[in-house]
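One structure is given here, and the rest of the page talks about it.
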Amino acid sequence: MMAPETVVTVEHNKPAGPQQPPPQQQGALDWIKINIDYFKTPPGLLKIIQLVLGLLCMILATPYYSPWFVFVAVTSFISTLMWSFVYLLSIREALRIPINWVLSELICNAIQTVLYFIAFIVLFAATAYIHSYQYGANVAAAVFGIFITVAYAAAAYLLYQEHKSAPAVAA
Numbered sequence: 009m010m011a012p013e014t015v016v017t018v019e020h021n022k023p024a025g026p027q028q029p030p031p032q033q034q035g036a037l038d039w040i041k042i043n044i045d046y047f048k049t050p051p052g053l054l055k056i057i058q059l060v061l062g063l064l065c066m067i068l069a070t071p072y073y074s075p076w077f078v079f080v081a082v083t084s085f086i087s088t089l090m091w092s093f094v095y096l097l098s099i100r101e102a103l104r105i106p107i108n109w110v111l112s113e114l115i116c117n118a119i120q121t122v123l124y125f126i127a128f129i130v131l132f133a134a135t136a137y138i139h140s141y142q143y144g145a146n147v148a149a150a151v152f153g154i155f156i157t158v159a160y161a162a163a164a165y166l167l168y169q170e171h172k173s174a175p176a177v178a179a
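Put into structure tokens, the structure is as follows:
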């Protein structure tokens with residue numbers, strides 16, 4: 009028995025169909041997507057206000073009057089800066105881990121509200137007993153502490169509303 013013959017015809021001058029672009033290499037930072045639009049929303053504007061007021065509190069307050077106020081100002085500023093980067097770089101969307109981001113940020117803002125409330129009262133009390141050349145700056149820091157307390161409380165309220173309206177996720 010004879011084996012069947014296979015014939016291959018090659019046409020050299022035939023135009024090729026639509027060519028697909030070569031696959032793109034995935035870079036290490038391709039997951040980053042800059043999200044400036046978040047900072048145009050009320051929670052985003054509150055983050056900017058918190059950062060500006062937190063910076064003023066850190067600049068004006070001195071540890072001599074109240075180390076507690078300076079501690080709260082610095083830790084809250086760092087925390088708010090980290091949350092700002094989470095939104096700016098769209099980390100929430102990039103990470104596929106089961107974290108309730110809204111509840112986490114709500115707890116963080118609620119804690120910062122309470123801490124700043126205590127801290128500005130402590131700083132006001134400290135300025136009542138200590139008078140030095142930095143008296144005015146520390147009173148200003150305490151006043152900005154009131155404003156930032158209100159900003160953190162407003163952010164916590166907005167996050168609470170968002171958390172309450174979110175559908176429950178089955179575990």
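Quick note on our numbering: the sequence shown kicks off at 9 and runs consecutively. The beta-carbon is built from N, C-alpha and C at its ideal position, and this holds for glycine as well.
By Cβ distance below 7 Å, which residues in the same chain neighbour residue i in space, the five residues on each side in sequence not counted?
{"i": "V80", "result": "L123, Y124, A127"}
{"i": "L89", "result": "L59"}
{"i": "I154", "result": "F128"}
{"i": "G62", "result": "A81, S84, F85, T88, I156"}
{"i": "H139", "result": "none"}
Tell me which residues share the same chain as residue i and place their Cβ nearer than 6 Å to its Cβ, disregarding the 5 neighbours each side in the sequence.
{"i": "V78", "result": "A69, P71"}
{"i": "A179", "result": "Because the pLDDT at A179 is just 48, under 50, the model does not fix this residue reliably, and the point stays unresolved."}
{"i": "S98", "result": "K41, N43"}
{"i": "G52", "result": "Y46"}
Between the beta-carbon of residue i and the beta-carbon of residue j, is there less than 8 Å?
{"i": "Q58", "j": "Y168", "result": "no"}
{"i": "K55", "j": "S84", "result": "no"}
{"i": "T157", "j": "V147", "result": "no"}
{"i": "C190", "j": "A149", "result": "Outside the shown range of the chain (9 to 179) lies residue 190, about which nothing can therefore be said."}
{"i": "S87", "j": "Q120", "result": "yes"}
{"i": "L96", "j": "H171", "result": "no"}
Label residue i either buried or exposed according to how many other C-beta atoms from any shown protein chain fall within 10 Å of its C-beta, with 16 as the threshold for buried.
{"i": "Y137", "result": "exposed"}
{"i": "Y73", "result": "buried"}
{"i": "G144", "result": "exposed"}
Taking 8 Å as the limit between beta carbons, can you name the residues of its chain near residue i, skipping five residues before and five after?
{"i": "W217", "result": "Lying before the first or after the last residue shown, residue 217 is absent from the chain, which here runs from 9 to 179."}
{"i": "F132", "result": "V147, A150"}
{"i": "C116", "result": "S87, W91"}
If you follow the alpha helix (DSSP H) that residue i is in, where does it begin and where does it stop?
{"i": "H171", "result": "143 to 173"}
{"i": "L53", "result": "50 to 68"}
{"i": "R100", "result": "99 to 102"}
{"i": "P106", "result": "Taken as a continuous stretch (DSSP letters only), P106 belongs to no alpha helix (DSSP H), as it is neither H nor E."}
{"i": "I86", "result": "75 to 96"}
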